[in-house]
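Accompanying notes for the structure given below.
Residue numbers (UniProt numbering), protein chains in the order written: chain A, 1 to 348; chain B, 1 to 348; chain C, 1 to 348; chain D, 1 to 348.
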């Protein structure tokens with residue numbers, strides 16, 4: 001059902017380049033529909049994508065082949081450390097997601113911007129790739145204080161999701177995740193902003209997830225072991241905890257606010273966060289509640305109905321391709337910066 | 001499915017009713033001004049109920065026939081006005097609900113107390129009927145500021161719902177409603193306290209609704225025309241409004257705070273209230289979304305899943321008899337004070 | 001100390017015009033520095049002000065003498081009703097305040113916009129009088145939801161006060177008041193937005209008050225009898241009430257939220273409002289606490305220090321002319337629409 | 001002005017102290033296992049204090065010499081580590097503060113309970129020293145979630161400060177501090193609970209501070225270098241930051257919520273915390289604003305008046321001995337557990 005585009009940058013048998021965009025000439029492999037390549041062989045790199053893109057769309061303004069390349073791409077010359085490799089792949093993932101989902105940069109695009117270390121590169125990609133005159137017509141909707149600051153620092157047009165007129169949708173939303181399963185179900189909420197994140201995501205025609213390899217998971221709860229973040233009304237916290245235990249959660253807890261605050265974390269909405277660990281969630285099939293094993297959709301449907309629960313950190317159900325008029329929680333694609341410098345794409 | 005106990009207090013000359021489903025057949029005396037009993041046949045009065053009740057349960061402690069009767073019952077001597085009649089029937093409804101659901105007044109009972117003009121009589125009934133030593137072992141859980149004050153004014157033991165240990169339930173909850181349909185689905189939230197009210201109701205083994213005849217309705221949306229109260233995150237208000245319109249709501253609006261506050265009402269939870277009118281909700285069958293006609297459960301299931309919705313003012317689904325371990329939203333019974341002074345009971 | 005500019009529109013002995021700006025030729029009286037008139041006698045009217053203004057500043061764009069006049073001015077042809085008279089004078093007051101404090105309409109002006117029925121005319125005046133290209137460089141900062149809507153409806157550039165960079169000030173703020181004393185001390189907070197209003201006012205180089213004659217008062221507490229609105233932390237409400245009573249407040253109360261909300265009004269900041277009536281506040285001299293009589297500044301200084309008080313609805317102390325670097329609470333001028341159609345100006 | 005009772009527990013060979021200002025001169029016996037003394041005469045230990053206390057007050061009930069001693073006192077047998085020493089001295093400080101300020105344990109005492117590691121020992125002291133029948137008549141008022149839990153865990157009667165009737169005061173409040181100067185001015189708010197802490201403290205007849213030696217300071221800002229915690233309305237944060245810089249604060253910042261929450265810490269009151277470092281605050285004299293040096297009271301008076309500031313973490317001005325009717329912010333005494341196992345008492 002889901003296609004995996006694993007865009008190898010290293011390790012592919014005929015790869016002649018060091019990495020990413022520092023590369024000189026590249027033998028490109030046959031490209032898939034997402035990142036078509038006119039050439040014959042070799043791997044797809046960000047440089048290729050970006051220059052391909054610009055050669056198709058912005059001939060006249062592209063005075064230098066590197067004109068629109070991100071700065072670090074042009075400056076790195078030495079062998080990257082493992083940390084650098086990951087940062088580079090995250091950045092590449094961000095550039096790919098932007099080229100794939102914003103081309104041909106229509107005017108007046110409304111874009112949701114989430115948080116997370118990879119989203120920073122999304123904003124860099126947008127400011128680098130989108131022509132300034134077009135960029136000035138676009139508006140950007142943050143999912144929280146962090147992304148609000150990111151939007152403002154980049155000099156982009158900030159707008160709030162509460163200003164989106166009823167019946168209108170954002171064109172696309174780029175956001176991270178704490179864990180992603182093969183069906184593109186997500187856990188989000190490590191930063192306690194899940195409610196606003198879900199509102200922005202479901203206000204978008206499509207949601208594109210960007211993250212690093214550590215977020216890829218065979219089943220939710222495998223990598224992210226702290227539990228599903230659940231935003232609850234403080235006076236219902238005890239009741240929700242009891243309900244969660246009855247449903248098989250293994251030691252759900254109210255998230256503490258230390259060191260900055262004694263007592264519980266209070267969200268921007270005045271709520272608390274309960275972190276509810278469950279056994280790894282089944283991607284397919286049904287739940288076996290006897291064993292405390294849940295299928296994602298069934299668990300999510302049960303959690304959201306608990307009185308006192310404001311919102312849950314499970315993003316599930318439909319994606320933007322399936323839901324005609326908004327409201328989809330799942331991304332249409334997830335881009336991961338891999339450990340080896342490559343990008344992996346998971347498509348719905 | 002639902003039985004109607006229509007307990008006439010005036011006019012019916014020879015009624016032999018099954019009182020509150022707990023007593024056997026009763027020959028009821030004619031009713032006097034408030035609850036006078038001059039003669040032989042027929043209607044149930046509060047005095048009758050209460051003294052019947054006590055003669056069966058508390059022989060030894062009942063030193064005076066009027067000992068436990070509410071004060072006004074003993075003092076009224078003139079023909080009641082229509083307004084008085086309604087107040088009397090609401091009071092009677094409250095006393096009936098308490099006798100039906102608190103007998104035999106077990107110690108350490110945990111009782112939810114809601115708001116509304118009829119609930120005031122519930123508290124009067126409890127303080128009147130429950131022996132003081134037992135009363136001092138009971139704890140009372142309010143659904144909001146109004147009922148908190150009511151509990152404190154009556155000198156009862158106040159406790160907050162957030163103190164209820166995980167996995168524990170209240171024994172019973174008495175609360176009002178803005179509209180009640182024949183299947184005991186409710187609309188609540190006219191006072192903007194619906195979130196806390198739902199948490200208290202669903203934290204109870206059984207929820208008992210007390211109200212006046214104006215709240216009885218063949219279909220939700222018939223009597224209460226302001227719309228279903230929906231508690232929403234302020235930044236999602238526009239998105240929720242758009243979604244509601246798409247679902248067929250006729251002019252949903254954010255509830256204004258005037259005269260006390262410019263702008264929107266802010267709830268005790270920091271949320272806003274959207275009032276969403278729909279065509280009268282179908283009690284049975286399924287929704288016909290083309291016509292904008294919804295069946296209660298289907299609408300509620302759809303509303304609660306809209307991101308940005310914290311809670312909805314529809315109480316639906318199971319009642320406490322059906323849901324073993326709490327979580328039921330519907331009352332097991334509803335008691336209505338009728339226009340003619342009588343009480344109508346709607347049972348699940 | 002304070003000057004009263006009483007700009008008579010009716011009743012002045014040599015007045016030949018009906019009203020406002022519908023007037024034909026006008027005999028103008030000698031004008032003061034604020035509204036200079038080239039002509040000889042007669043009263044200053046909005047038409048005069050506006051056309052004078054434009055003849056001095058926008059010759060070329062003023063193709064029709066009525067081009068920039070507000071619509072209603074041109075449409076009224078009959079003798080105004082008392083209600084109309086007041087509305088017209090409020091509108092005139094608004095136009096005067098804008099011409100007095102925004103001329104010569106510098107670019108990039110940052111303007112605070114408050115709430116109240118007269119402020120609506122301020123926005124009309126701004127959109128009418130400021131040339132569109134200049135207007136598009138201005139930003140407008142609301143004091144609450146109502147003024148936010150007003151700004152957006154007028155198509156003006158909305159910005160939030162939390163976005164004002166540290167150390168920066170708004171150029172001017174136009175806002176209403178619930179009561180104004182001769183020293184330009186104010187009571188505000190009838191709409192429960194006093195905290196945000198005070199932040200916007202004190203973030204401005206100067207604050208200009210616009211209101212109608214009903215808000216003019218010899219001493220605060222004379223006209224506005226509901227009490228000084230005080231925004232308090234809910235858990236401190238009782239303590240604050242006790243403190244207020246000890247200070248001589250006559251029946252301070254938590255403001256109720258009905259009909260939209262049971263219990264207390266909750267402000268946009270999650271606080272409650274206590275309305276604290278005091279005997280009329282002394283404009284000068286000192287307090288006589290024995291008699292429960294307070295001088296404005298002394299009362300304000302005492303109130304703001306009560307723990308649990310977030311902000312108070314007294315605007316007092318310095319005005320923008322006196323306070324070099326912002327932080328002033330009092331307006332530099334107050335414009336009142338009078339009952340007789342005229343405008344009264346109170347200057348610091 | 002302030003007296004220092006330095007109660008050495010180790011090393012002082014022939015101390016005759018005035019214990020807690022309540023006892024007469026005391027010859028102290030050799031200490032027991034918990035606070036062993038190598039010397040022959042003299043040092044005060046918790047055991048001594050407690051047994052002295054009980055021998056004077058509760059002869060009849062004291063069947064065993066260790067009956068009322070805290071458990072750890074009886075269990076420790078080895079030479080304490082430095083950490084143990086500090087814990088022991090904090091505990092001793094707590095026991096001393098309770099004996100000094102709760103004797104003779106009057107019934108129905110209302111006691112404020114704050115947070116901090118030393119307050120835990122205060123609760124231990126109360127439950128250990130107060131006779132159970134008296135204890136059951138006392139009510140305990142927390143300053144936040146942490147102390148609420150502490151009160152409940154100890155099985156004490158919990159009550160909330162908002163339930164204190166207007167005009168009533170707590171008898172005493174025990175709370176910690178982040179820094180204490182020689183005049184008993186305090187910095188509090190490291191746990192973001194300063195608003196509620198100040199309300200509880202100023203609702204008390206007297207406030208008693210308990211802490212460890214690290215909180216003693218010659219001038220506020222010397223030991224606690226993170227800055228004065230200031231609770232601000234989020235939309236005023238920028239404005240407050242600008243004002244603070246203008247006043248000489250060195251790099252004031254909004255406190256971040258990580259790791260539990262992205263963006264700012266949100267307090268239980270929905271506010272943010274700004275931490276504002278200043279040069280060490282002058283205990284006496286006046287401010288020299290040119291040099292950015294402030295006297296405590298002057299700084300506090302200036303900070304509390306900044307619009308957007310809800311409350312400040314400076315506790316200053318009067319103490320409970322000076323302020324007749326409540327409202328005092330400063331403690332009447334501070335008890336410090338010292339590094340060497342002794343207790344130091346600072347009295348107003």
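We put the CB at the ideal spot given by N, CA and C, even for glycine.
Bear in mind that the values here come from a model prediction, so they are computed numbers and not experimental data.
Taking only beta-carbon atoms, is residue i less than 7 Å away from chain D?
i, result
"residue 239 of chain C", "yes"
"residue 273 of chain C", "no"
In chain B, which residues lie less than 9 Å from residue i when you measure between Cβ atoms?
i, result
"residue 248 of chain A", "Residues of chain B passing the Cβ test: none, with the nearest at roughly 14 Å."
"residue 160 of chain A", "235"
Using the DSSP secondary-structure output, state which residues sit across from residue i in a beta bridge.
i, result
"residue 139 of chain A", "A:110"
"residue 295 of chain A", "A:282"
"residue 204 of chain C", "C:170"
"residue 272 of chain B", "B:232"
"residue 256 of chain A", "A:264"
"residue 209 of chain D", "D:175, D:334"
"residue 86 of chain A", "For residue 86 of chain A, which the question treats as bridged, DSSP gives no partner whatsoever."
Under a CB-based cut-off of 7 Å, is residue i close to chain A?
i, result
"residue 193 of chain D", "yes"
"residue 255 of chain D", "yes"
"residue 317 of chain D", "no"
Since residue i and residue j are thought to touch, with beta carbons under 8 Å apart, how far apart are those beta carbons, to the nearest angstrom?
i, j, result
"residue 229 of chain D", "residue 275 of chain D", "6 Å"
"residue 333 of chain A", "residue 348 of chain A", "7 Å"
"residue 154 of chain C", "residue 127 of chain C", "5 Å"
"residue 232 of chain A", "residue 302 of chain A", "Not confirmed; about 15 Å, so no contact."
"residue 139 of chain C", "residue 107 of chain C", "Actually they are not in contact, since the Cβ atoms of residue 139 of chain C and residue 107 of chain C sit about 11 Å apart, beyond 8 Å."
Mind checking if residue i is an interface residue toward chain C, Cβ cutoff 7 Å exclusive?
i, result
"residue 185 of chain D", "no"
"residue 270 of chain B", "yes"
Closer than 8 Å by beta-carbon distance: list the chain D residues that pair up with residue i, in chain order.
i, result
"residue 141 of chain C", "Within chain D, no residue comes near residue 141 of chain C; the closest Cβ sits about 10 Å away, beyond 8 Å."
Going by beta carbon distance, what residues of the same chain come within less than 7 Å of residue i, once the five residues before and after it are set aside?
i, result
"residue 279 of chain B", "221, 292, 293"
"residue 338 of chain C", "89, 213, 344"
Using C-beta distances below 6 Å, list every residue in its chain close to residue i, excluding the 5 sequence neighbours before and after it, in chain order.
i, result
"residue 265 of chain B", "192, 255, 257, 273"
"residue 72 of chain C", "Residue confidence for residue 72 of chain C is low, a pLDDT of 42 falling below 50, so the modelled location carries little weight and cannot support an answer."
Give a yes or no on whether 7 Å exceeds the smallest Cβ distance from residue i to chain B.
i, result
"residue 135 of chain A", "no"
"residue 203 of chain A", "yes"
"residue 266 of chain C", "yes"
Mind pulling the chain B residues with CB within less than 8 Å of residue i?
i, result
"residue 206 of chain A", "Ordered by position in chain B, no residue passes the 8 Å Cβ test against residue 206 of chain A, which lies about 16 Å from the chain."
Give me the chain C residues within the contact set of residue i, using Cβ-Cβ distance strictly less than 8 Å, ordered along the chain.
i, result
"residue 146 of chain B", "262, 263"
"residue 242 of chain D", "165, 166, 167, 168"
What residues of chain B sit near residue i, judged by a beta carbon separation below 7 Å?
i, result
"residue 327 of chain C", "Those do not exist, as residue 327 of chain C stays about 25 Å from chain B at its closest Cβ, beyond 7 Å."
Using the beta-carbon of each residue, which ones in chain A are nearer than 7 Å to residue i?
i, result
"residue 117 of chain D", "Neighbours of residue 117 of chain D on chain A: none; closest Cβ ~12 Å, over 7 Å."
To which residues of the same chain is residue i closer than 8 Å at the C-beta, ignoring the five residues directly before and after it?
i, result
"residue 146 of chain A", "115, 191, 193"
"residue 318 of chain C", "327, 328, 329, 330"
Run through chain A and tell me which residues come within less than 8 Å of residue i, C-beta to C-beta.
i, result
"residue 199 of chain B", "233, 235, 236, 239, 307, 308"
Using the beta-carbon of each residue, which ones in chain A are nearer than 9 Å to residue i?
i, result
"residue 196 of chain B", "233, 235, 236"
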